[in-house]
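Report on the following structure.
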Amino acid sequence: MKRLLCLLTVSFLFALTACGENKNPFSKSVPPMMPAYFSSDMRIIKDGGEMTANIVRDRNGVTKITVVTPEDLGGLSLRFGNDTGSLSYGNMSIDIDCSKFPETMIFKILLDTLKRLTSDADITARKTSSGWEYALTDGTDKKITVIQNLETGFIDSVNVPSRSFLIEFSNFEELTETTIK
27 MKRLLCLLTV
37 SFLFALTACG
47 ENKNPFSKSV
57 PPMMPAYFSS
67 DMRIIKDGGE
77 MTANIVRDRN
87 GVTKITVVTP
97 EDLGGLSLRF
107 GNDTGSLSYG
117 NMSIDIDCSK
127 FPETMIFKIL
137 LDTLKRLTSD
147 ADITARKTSS
157 GWEYALTDGT
167 DKKITVIQNL
177 ETGFIDSVNV
187 PSRSFLIEFS
197 NFEELTETTI
207 K
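Per our numbering: the sequence shown ends with 207, consecutive numbering throughout.
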């Protein structure tokens with residue numbers, strides 16, 4: 027369950043940090059907007075444990091996260107978009123009609139989680155040699171740091187030091203009509 031929660035957190039943080047031109051309140055000099063359709067590998071590290079996964083967002087607005095390692099969870103996939111979702115592993119699959127869930131309840135849970143993480147926090151952004159660094163701080167400690175690539179706009183990493191939680195993204199690829207399967 028912890029691993030699934032990590033995947034959901036990754037997806038949510040990823041969506042929150044996909045900022046670009048005219049969406050970034052921090053500066054007029056911003057990286058390009060993240061592509062709407064992409065694939066990327068993720069390395070998730072939590073308390074010394076490690077998980078790798080692949081995330082793909084296709085032209086239909088469907089996002090699919092597939093666990094690669096650890097081996098016992100390899101092939102576990104979470105798919106969501108267009109009011110539907112599914113959790114699949116091997117021959118088992120659970121389909122979810124997201125339209126039947128009250129949206130306000132889902133957003134309330136997400137917002138409450140963010141509030142707990144960000145209470146008394148300030149967001150700062152600065153351009154570094156490695157990319158844009160967005161830091162959520164409470165004045166003394168960084169609570170969340172997101173690094174966004176200067177040239178591509180892709181997210182390079184998300185770090186929550188107080189939770190020993192790090193997500194690194196690699197092999198980002200913009201999907202075009204010819205690369206989308």
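Glycine included, every Cβ here is placed at the ideal spot set by N, Cα and C.
Just so you know, these numbers come straight off a predicted model, no measurement behind them.
* Asked: Given that a residue counts as buried once 16 or more other Cβ atoms are within 10 Å of its Cβ, and exposed if not, what is M60?
  -> buried
* If you measure from the CB of W158, is any heavy atom of the ligand NAP nearer than 6 Å? -> You won't find the ligand NAP in this model; it holds no ligand whatsoever.
* Asked: Using the C-alpha atoms, what's the distance from T163 back to S112?
  -> 35 Å
* Does DSSP put R85 in a helix, a strand or coil? -> coil
* Reducing DSSP to helix, strand and coil, say where E194 ends up. => strand
* Asked: Between which two residues does the beta strand (DSSP E) carrying N117 extend?
  -> Note, N117: premise wrong, no beta strand (DSSP E); not H, not E.
* 6 Å CB neighbourhood of R82 in its chain, flanking five on each side removed -> It should be pointed out that residue 82 corresponds to Val in this sequence rather than to Arg. Counting only Cβ-Cβ distances below 6 Å, and skipping sequence neighbours, we find S65, K90.
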